[in-house]
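Going line by line, the protein sequences match chains A and B.
Here this note's numbering = 1-based position in the first sequence + 34.
Here this note's numbering = 1-based position in the second sequence + 14.
Virtual Cβ for every residue (Gly too), placed ideally from N, Cα, C.
I have placed the structure first, in the form of structure tokens, so that the comments after it can refer back to it.
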Amino acid sequence: LKRAWLVAGLVSASWGLLACEETTPTSGNGTLIPLEPQTVALDLSFEEFAEAVTVYGGYGTPSELFEAVLAQDYEGVLDARVLVRYAQFPWAASVRDSTGTTRADSAYTFVGGRLVARFDTTEANRPEGAVVVRAGVLPQEFDARTASWAVAVDTLADRQPWGEAGAGPAVSLGEAEWDPASGDSVVLELDSAMVAMLGDTLQAGPGVRYEVLTAGVRMNLLSSDLRLYARPNIHQDTIVTLNAPPLAQTFIYDPFPEPAQDGIRVGGAPSWRTVMTFDVPTQLPGTPAICQRVQCPITLTPGRLNNATLTLTTAPSEAAFQPADSVFLDARAVLAPELLPKSPLGTSLVGAPGVPIGPDGFGDVAGQTVTIPVTTFVRALFDESGEKVPDLVLLTPLEPLSIGFGTFVGPGQPGAPRLRLILTVSDTVEIS
Amino acid sequence: MNASRTLGAALAVTLLASTPASAQSLFASRGLGLPLFATDSRVLALGGIGVGLPGGELSLVDPSAPAGLNVPSVAFSVQSTWADADEGGAASDFSGTRFPFLSLGYPTSIGTVTVAIGSVLDQRWITSSSRQIDLDGAGGLGVVTDRFESDGGISAVRLGLARTLPGGVSVGAQVGRVIGDVSRIFDRSFDSLNVGTPVPDFTLGGRWSYRGWTAAVGASGMIGSVLMVGGSYTWSSELDALPDENTDGAEGSFGLPGELRVGATAVLSPQLSISGGVHTASWSAADDDLSVGGARDVFSWGGGVEWSGASVLGKPSAVRLGYRASELPFTLEDATDPTETAFTGGLGMDLLTGGDVVLARLDLTLERGLRAAGSFEERFWRFSTSVRVSGF
Chain A
35 LKRAWLVAGL VSASWGLLAC EETTPTSGNG TLIPLEPQTV ALDLSFEEFA EAVTVYGGYG
95 TPSELFEAVL AQDYEGVLDA RVLVRYAQFP WAASVRDSTG TTRADSAYTF VGGRLVARFD
155 TTEANRPEGA VVVRAGVLPQ EFDARTASWA VAVDTLADRQ PWGEAGAGPA VSLGEAEWDP
215 ASGDSVVLEL DSAMVAMLGD TLQAGPGVRY EVLTAGVRMN LLSSDLRLYA RPNIHQDTIV
275 TLNAPPLAQT FIYDPFPEPA QDGIRVGGAP SWRTVMTFDV PTQLPGTPAI CQRVQCPITL
335 TPGRLNNATL TLTTAPSEAA FQPADSVFLD ARAVLAPELL PKSPLGTSLV GAPGVPIGPD
395 GFGDVAGQTV TIPVTTFVRA LFDESGEKVP DLVLLTPLEP LSIGFGTFVG PGQPGAPRLR
455 LILTVSDTVE IS
Chain B
15 MNASRTLGAA LAVTLLASTP ASAQSLFASR GLGLPLFATD SRVLALGGIG VGLPGGELSL
75 VDPSAPAGLN VPSVAFSVQS TWADADEGGA ASDFSGTRFP FLSLGYPTSI GTVTVAIGSV
135 LDQRWITSSS RQIDLDGAGG LGVVTDRFES DGGISAVRLG LARTLPGGVS VGAQVGRVIG
195 DVSRIFDRSF DSLNVGTPVP DFTLGGRWSY RGWTAAVGAS GMIGSVLMVG GSYTWSSELD
255 ALPDENTDGA EGSFGLPGEL RVGATAVLSP QLSISGGVHT ASWSAADDDL SVGGARDVFS
315 WGGGVEWSGA SVLGKPSAVR LGYRASELPF TLEDATDPTE TAFTGGLGMD LLTGGDVVLA
375 RLDLTLERGL RAAGSFEERF WRFSTSVRVS GF
């Protein structure tokens, strides 16, 4: 009996191995498909799919940018200055005495110092020629997160205007010429009196205002260092170098670019966002050509919607605020519109890093169309089971990204936003 | 105790072998699918009708056949198919393995009790095509690829009783359920719509489960010492197709055919016999229920010769040759009636015997067949293996 089972098992197993390749009969004959879905594209104007756009500003601060902006009468308009607060001067230096022993010396004397500023030398951010940079001692404490052209501190219970608009009046520490062709840094030598003056604002911390004096320039300050030279008391024929690293940095600028009515703006520092309120009709009229293929009006349902894209047209940003690098565009649902401008947002509809748009799109070659996928968002508008979220926010994935911002044509103008829907209308699949 | 343990082992083997059937034919795309032969390899080799054959067999098509079993037995079949299809010049090929038949028989004092499951209809097929569409009616073109996949099938599970009446006539009856399920999925992918973003596929479809009742009766016996005749009739209720909760499609109900089989075997010598039979199925009962194509009553015939005097590897063996011709029930809009014909050859080996009882038997059958409907042809090789183990 065991042999019988063995034989049966071997035969079955060997047979299973013999024909183990499984391929389903596949026909290239499309007529076997028992339904005829129709896929159509509908292009909706702004007035057909949305109610309004609203621009909100104030997201992030210039202090969060890695690059700080210096400008002087740029495009005849923009002035920007960089404010840096350095750490308190070191209280002691490690010095080797006459016996060769290293000791902490707190009775040293500052004999001078230098400010070293390093600038962005990338093509779009580099001045065309030599520029003059000036540094000055800040007259008062500033809050890097809230400082602006007019105000040094602007927190909830504390508002302190500058003595002079533009972080003034500042006592000059000196000027230096920087030629981008010769390097990326400029050095301002400080004498002992300047160092003493700089270190005198103990409560506020040593603060320096950088500005560019050459008109028509906008450039980026990447970093700045304060180095101090001191003569130790225990070894007076030696000069030691001490560092006071930057603790806080921001930039202030003037004028502040107010957004145009019905414009669409993203980016900038602080950043702008544009909220678009959708009102997509459930019944879509269709065009005569489309209505020959499907029954009109077309009822829009989540299942029928294959794809929804929002098409924007780039417009020139204000000349002084045109981005120097690509602007990345993101789109998210506004989860609690009643909390705007501080509403929580949904996940990105675009995905990292966003839709890139070259800087020229907001300048010389404005008028480019930008396509943003909003399928998930529009589908949710017609989902019976969930709460409908009609507001979509356009923004940059990182806020702030740069002082420059992107501008798009708003409603009521040629190139206004459009919504393109791709729908597939089909009967249900039935059994045989 | 020992008997029930071995019975359990046999059931385990049966269940283990009952993996889902794989695809057989592009003709499965028509109507309710491709009718299948839920028989063992010996029946296939002798024309596929399956009634009026001598020897106690486990069978879904002849309820009286198990009456001849005098020891507990389990039998199952494995079929592998390799096919080439030609759709008006478009060629394709496919292959697959399936388990069309499983059965267990246990002799009792009132007769042989059987449990059997067999394939009834295959519904596994795919069709796909790409084409250009005008999205907006203004020349905004895009390319889409449509794909429809049906994956499923229908089987019958029956409990039966067969016994030999005084006078030598064997009778049997089976009753059971028609079961199965199918998923039918349409998918449209958008290859190049030029919308600037990827467009997810448009997919819809659903899954239905099948429910119905079936019963069969049969009888067979010798007329004289030369001729054995037999017949069976299978009745089936309406087949209900019930959508699951995620399916938008409606439920369906389909008429299943009454099937009549009549066959006979002439025993020309102790080692040589010739058999033949006919089969009709009233599939037109489903004609009004189909939304695509139609259904018709079909007639099939087949026969074969068996010589059991051979010996292979020292084992008593039988050599078989046969032929069958069948009408297939489901038609498409082409209104061309599809047919299936096949030449068959087989070998049966008694691997182990104990006294007069065959304890293990192996049957092998090779078929070369053609399914055709107008310009649509499908040629196939099918190799079937049946194993019957007895005496546990």
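Three-state secondary structure (DSSP) of residue i
i	result
Ala229 of chain B	strand
Phe439 of chain A	strand
Gly383 of chain B	strand
Gly110 of chain A	coil
Glu245 of chain A	strand
Ser128 of chain A	strand
Val403 of chain B	strand
Ser389 of chain B	coil
Arg413 of chain A	helix
Trp163 of chain B	It should be noted that the sequence gives Glu, not Trp, for residue 163 of chain B. DSSP places Glu163 of chain B in strand when its eight states are reduced to three.
Ala227 of chain A	helix
Ala471 of chain A	Outside the shown range of chain A, which is 35 to 466, sits residue 471 of chain A, and nothing can be said about it.
Thr211 of chain B	coil
Asp77 of chain A	strand
Thr217 of chain B	strand
Phe312 of chain A	strand
Asp148 of chain B	strand
Thr66 of chain A	Reading the sequence as shown, one finds Leu at residue 66 of chain A and not Thr. In this structure, Leu66 of chain A counts as helix in the three-state DSSP scheme.
Leu232 of chain A	helix
Glu418 of chain A	coil
Asp195 of chain B	strand
Glu542 of chain A	No answer is possible for residue 542 of chain A: the residues shown for chain A start at 35 and end at 466.
Where residue i falls, given that 16 or more other Cβ within 10 Å makes a residue buried
i	result
Ile298 of chain A	buried
Ser389 of chain B	exposed
Asn277 of chain A	exposed
Val145 of chain A	exposed
Pro266 of chain A	buried
Arg145 of chain B	exposed
Ala26 of chain B	Interpretation of Ala26 of chain B is limited by its pLDDT of 47, a score under 50 that renders its predicted location unreliable; the figure taken from the coordinates is listed afterwards. Ala26 of chain B should be labelled exposed.
Thr381 of chain A	exposed
Ala156 of chain A	First, the residue type needs correcting, since residue 156 of chain A is Thr and not Ala in the sequence shown. So Thr156 of chain A counts as exposed.
Ile24 of chain A	Chain A is shown only over 35 to 466; residue 24 of chain A falls outside these bounds and no answer can be derived.
Pro77 of chain B	buried
Gln188 of chain B	buried
Phe285 of chain A	buried
Asp364 of chain A	buried
Span separating the alpha-carbon of residue i from that of residue j
i	j	result
Asp417 of chain A	Ser258 of chain A	54 Å
Ala170 of chain B	Pro114 of chain B	10 Å
Val118 of chain A	Leu281 of chain A	7 Å
Thr122 of chain B	Ala176 of chain B	10 Å
Gly362 of chain B	Val319 of chain B	13 Å
Gly290 of chain B	Gly316 of chain B	6 Å
Asp234 of chain A	Ser140 of chain A	17 Å
Thr275 of chain A	Gly438 of chain A	38 Å
Asp192 of chain A	Val185 of chain A	10 Å
Trp139 of chain B	Leu40 of chain B	6 Å
Val231 of chain B	Arg382 of chain B	31 Å
Phe204 of chain B	Leu135 of chain B	33 Å
Val111 of chain A	Trp196 of chain A	21 Å
Pro390 of chain A	Arg44 of chain B	51 Å
Thr321 of chain A	Val74 of chain A	10 Å
Phe394 of chain B	Leu304 of chain B	27 Å
Leu415 of chain A	Ala264 of chain B	27 Å
Glu259 of chain B	Arg221 of chain B	9 Å
Thr410 of chain A	Leu383 of chain A	7 Å
Val150 of chain A	His269 of chain A	27 Å
8 Å contact criterion, which residue i and residue j should meet: CB distance rounded
i	j	result
Ile199 of chain B	Gly219 of chain B	4 Å
Ser322 of chain B	Gln285 of chain B	5 Å
Asp377 of chain B	Ser117 of chain B	Between Ser117 of chain B and Asp377 of chain B the Cβ distance is about 14 Å, and since that is not below 8 Å, they are no contact.
Thr279 of chain B	Trp249 of chain B	Contact flag wrong, Cβ pair sits at about 25 Å.
### Task
Mind listing, in chain order, the continuous alpha helix (DSSP H) runs of no fewer than 4 residues lying wholly within the segment 315 to 372 of chain A?
322 to 325
### Task
Please go through the segment 29 to 107 of chain B and give each complete alpha helix (DSSP H) segment of 4 or more residues, from N-terminal end onward.
55 to 59
### Task
Pick out the complete beta strand (DSSP E) segments inside the segment 132 to 208 of chain A, 3 residues or longer, and give them in chain order.
136 to 139, 143 to 153, 165 to 171, 185 to 189, 192 to 195
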